[in-house]
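Colleague:
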Amino acid sequence: LAKTTQPISMDSYEGQEVNITCSHNNIATNDYITWYQQFPSQGPRFIIQGYKTKVTNEVASLFIPADRKSSTLSLPRVSLSDTAVYYCLVPSYSGGGADGLTFGKGTHLIIQP
Amino acid sequence: NAGVTQTPKFRVLKTGQSMTLLCAQDMNHEYMYWYRQDPGMGLRLIHYSVGEGTTAKGEVPDGYNVSRLKKQNFLLGLESAAPSQTSVYFCASSYTDRVNTGELFFGEGSRLTVL
């Protein structure tokens, strides 16, 4: 099973850049790394996905080193509304194929004024 | 465009009662999933389906059954509810195999309390 490890919580301030690192030592060759955001009482929302090097969209950037054993979600100039739980996911495997995206406990990001 | 819709959004059951949660998606997605989330925890996969008429067990399937009779619907059943099944249930769907490039679309959740 490809498991992920990420900090339980992080604090930052409005306008700062926030980097959340996730380790996934057993990631398989063809696996992508996906990040989700979840606000209280809502379902998770897809943020970004990548395979290697760097991916950027209108919300965030994702940095993946060559060994792919970790990845870093970068949120530029955060605001109070970025306070949420962020999940790093890689596929989980049981038997012959992937059978789901395993959500760990995520990182609770708190943005202060 | 409704996306993923879960019914009901709230429900209170007594121990031993049965109920069914309905998930409907209007995006013509092949893959559908049921997760549960307990306070302070991440989401754990209960069951999933890779297409109409198929179902498979996830990480925590015990005490639940599922059916995918129609492509757009994925039902989660509790035959004899237990207090340990008090949780928030999330349904999700994806077009492609999310292993590689698929993005999961989640519903708003169904909060179930078993007394």
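Sequence lines, in order, name chains E and D. Just so you know, the first sequence maps onto residues 1 to 113 in our numbering. Just so you know, the second sequence maps onto residues 114 to 228 in our numbering. Ideal Cβ placement from N, Cα and C applies to all residues, glycine included.
(1) In chain order, what residues of the same chain lie with their CB nearer than 8 Å to the CB of Thr167 of chain D, ignoring the 5 residues before and after it?
(2) Can you list the residues of chain E that Phe203 of chain D reaches, using a CB-CB cut of under 8 Å?
(3) Alpha carbon to alpha carbon, what distance is there between Asp151 of chain D and Thr199 of chain D?
(4) Under three-state DSSP, which class holds Asp11 of chain E?
(5) Compare the C-beta of Met113 of chain D against all C-beta atoms of chain E and say whether one is closer than 8 Å.
(6) For Lys105 of chain E, which residues from the same chain have a beta carbon less than 7 Å from its beta carbon, with the 5 sequence-adjacent residues on both sides left out?
(7) Relative to the C-alpha of Leu135 of chain D, which residue among D:Glu216, D:Cys204, D:Tyr208 and D:Thr209 is closest?
(8) When we look at the beta-carbon of Gly95 of chain E and count the other beta-carbons within 10 Å, is it buried (16 or more) or exposed?
(9) In chain D, what lies closer than 8 Å to Lys3 of chain E by C-beta?
(10) Among the residues of its own chain, which have a CB less than 6 Å from the CB of Asp31 of chain E, if the five just before and after it don't count?
Modeller: The short version:
(1) Arg181
(2) Gly43 and Pro44
(3) 8 Å
(4) strand
(5) This structure does not reach residue 113 of chain D, given that chain D is present from 114 up to 228, and the question cannot be answered.
(6) Ile8
(7) D:Cys204
(8) Bear in mind that a pLDDT of 45 at Gly95 of chain E, under 50, signals an unreliable position, so the model cannot answer this.
(9) Under the 8 Å cutoff, chain D gives no residues; its nearest Cβ is about 11 Å from Lys3 of chain E.
(10) Val90 and Pro91
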